[in-house]
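Protein chains: 2
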Amino acid sequence: MTSKWLDETEERAWRAYRRMFTLLEARLGRELAAETGLSLADYTVLSNLVEVDDRRYRVTALADYVQWSQSRLSHHLTRMEDRGLVRREQVSGDARGAYVVLTKRGLQAIAAATPAHLSGVRRHMVDLLTREQLETLGDIGQIVVRHLIELESEP
Amino acid sequence: MTSKWLDETEERAWRAYRRMFTLLEARLGRELAAETGLSLADYTVLSNLVEVDDRRYRVTALADYVQWSQSRLSHHLTRMEDRGLVRREQVSGDARGAYVVLTKRGLQAIAAATPAHLSGVRRHMVDLLTREQLETLGDIGQIVVRHLIELESEP
DNA sequence: TTGCATTACATGACACATCAACTTTCGGCG
DNA sequence: CGCCGAAAGTTGATGTGTCATGTAATGCAA
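Printed below as a string of structure tokens:
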């Protein structure tokens with residue numbers, strides 16, 4: 001199964017990584033939806049809002065932070081607004097801008113979902129690994145992320 | 156930033172992992188599309204077909220292997236068939252079944268795409284990591300995947 | 001202070017994913 | 001045989017992501 005582009009170790013790492021992500025994402029998504037009615041995308045938005053002062057974020061700032069396109073976030077916010085999880089507010093001093101604000105309903109939703117979700121993260125990943133493996137995973141992520149961020153800034 | 160559910164090392168690993176995946180997927184997807192006109196989904200299908208005898212797969216078997224739903228695969232095959240990348244064939248001996256078969260056009264497409272794609276995997280991930288990190292990443296994936304596969308078989 | 005590029009966000013069209021039916025065929029058991 | 005549940009795929013409705021574009025406000029330079 002070794003290709004001529006990646007050696008055995010490399011290919012094993014790459015395949016394992018991809019398969020892990022696929023399965024993990026599916027499992028966590030299903031559990032979250034079943035237990036709380038939120039999608040992982042909802043969770044991403046809400047969990048970032050709840051961590052920040054005033055429970056509000058500028059749309060573009062949030063999009064940057066979670067690495068979504070503005071468009072994707074805008075569409076998703078519209079749907080979440082329809083469900084009462086967030087609301088948009090005007091920015092005083094910049095009439096173009098908008099805040100995304102966590103509603104009471106959104107706050108309840110994320111408060112209820114967080115323990116369940118993170119316990120899933122534990123059960124399906126964190127608790128399966130040694131300290132050393134976790135450290136290394138953190139290192140790997142950091143290296144790759146730094147590289148990719150750098151790429152974005154020039155062309 | 157440490158929550159009460161994950162300690163610092165755990166949270167760092169989890170966040171880094173997620174962020175890495177998001178960025179990496181976006182980058183590889185964009186490059187693949189720009190260079191070859193294929194999506195990552197197309198690539199997944201084609202690269203699995205090309206590796207197998209007769210360049211054909213039973214639909215359900217392929218769906219299982221790549222961890223897609225039958226429905227998702229069926230829809231995607233329809234679109235790929237429209238573009239001439241694959242074709243469906245009857246199974247002799249089981250009139251319900253269908254093979255997905257790689258067409259000449261599909262073979263050309265995957266042959267042209269593979270080096271570019273895997274060189275992207277190299278540049279944006281594999282070559283950034285040490286041997287040890289790659290080994291560990293392989294281990295991590297293996298552990299998590301094994302756990303998740305096991306879960307699927309029972310509840 | 002006007003002119004114009006830039007910023008902030010929304011939108012519409014289209015590609016893709018998911019879910020729940022639905023069709024056809026199989027295989028087994030009475 | 002004849003029935004019936006399960007298996008293999010497809011399909012259609014609907015939810016979600018992407019791309020290109022639109023609209024309005026901003027700020028800066030001439």
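Residue numbers (the working numbering), protein chains in the order written: chain A, 1 to 155; chain B, 156 to 310. Ideal placement from N, C-alpha and C gives every residue a C-beta, glycine not left out.
### Query
Around the Cβ of V207/B, are there at least 16 other Cβ atoms within 10 angstroms (buried) or fewer (exposed)?
Residue burial annotation: V207/B is exposed, with fewer than 16 other C-beta atoms found within 10 angstroms of its C-beta.
### Task
Return helix, strand or coil for E305/B, following the three-state DSSP convention.
E305/B sits in a helix when the DSSP states are folded into three classes.
### Query
Helix, strand or coil: how does DSSP classify Q90/A here?
DSSP places Q90/A in strand when its eight states are reduced to three.
#### Entry: Nearest residue (CA-CA) to T177/B, options A63/A, L6/A, E11/A, W5/A
Nearest C-alpha to T177/B among A63/A, L6/A, E11/A, W5/A: A63/A.
### Query
Cβ of G191/B within 9 Å of Cβ of A253/B?
Looking at the sequence provided, one finds Thr at residue 191/B rather than Gly. Between T191/B and A253/B, the C-beta spacing is not below 9 Å.
### Message
Distance cutoff 9 Å, beta carbons only. Does T191/B sit that close to anything in chain A?
### Response
Residue contact check for T191/B against chain A: no CB pair falls below 9 Å.
### Message
Just checking: is the beta-carbon of R243/B within a distance shorter than 9 Å of some beta-carbon in chain A?
### Response
At a cut-off of 9 Å, the C-beta of R243/B has no neighbouring C-beta in chain A.
### Residue range of the unbroken alpha helix (DSSP H) whose run includes R83/A
Run containing R83/A: none; DSSP gives neither H nor E here.
### Task
Express the C-alpha separation of V144/A and L49/A in angstroms, rounding to a whole number.
As the crow flies, the alpha-carbon of L49/A is around 26 Å from that of V144/A.
### Task
Helix, strand or coil for L193/B, going by three-state DSSP, please let me know.
DSSP places L193/B in coil when its eight states are reduced to three.
### Task
Note the first and the last residue of the continuous beta strand (DSSP E) segment covering R211/B.
First-last of the beta strand (DSSP E) with R211/B: 211-213.
#### Entry: Burial state of Y212/B (16 or more Cβ within 10 Å)
So Y212/B ends up on the buried side.
### Query
Out of curiosity, what's the CA-to-CA distance linking L38/A and L32/A?
Between the alpha carbons of L38/A and L32/A lies a gap of roughly 6 Å.
### Task
Could you check the C-alpha separation between R146/A and V246/B for me, to the nearest Å?
If I take the Cα positions, the gap works out to 49 Å.
#### Entry: Environment of Y43/A [buried if 16+ CB atoms lie within 10 Å]
Classification of Y43/A: buried, given that the 10 Å Cβ count is 16 or more.
### Query
Using a beta-carbon distance cut-off of less than 8 Å, what residues from the stretch 291-309 of chain B approach chain A?
Across the stretch 291-309 of chain B, CB contacts with chain A closer than 8 Å involve T291, L292, G293, D294, I295, G296, Q297, I298, V299, V300, H302, L303, I304, L306, in sequence order along the chain.
#### Entry: 9 Å Cβ cutoff, Y172/B in contact with chain A
Yes, its Cβ sits closer than 9 Å to a Cβ of chain A.
### Task
Compute the Euclidean distance between the alpha carbons of D209/B and R277/B, then round it to the nearest angstrom.
The C-alpha of D209/B lies about 29 Å from the C-alpha of R277/B.
### Identity of the residues DSSP links to V256/B by a beta bridge
In the DSSP secondary-structure assignment, V256/B is bridged to R211/B, R242/B.
### Query
Would V91/A count as contacting chain B if we go by Cβ distances under 9 Å?
Chain B contact via Cβ: absent.
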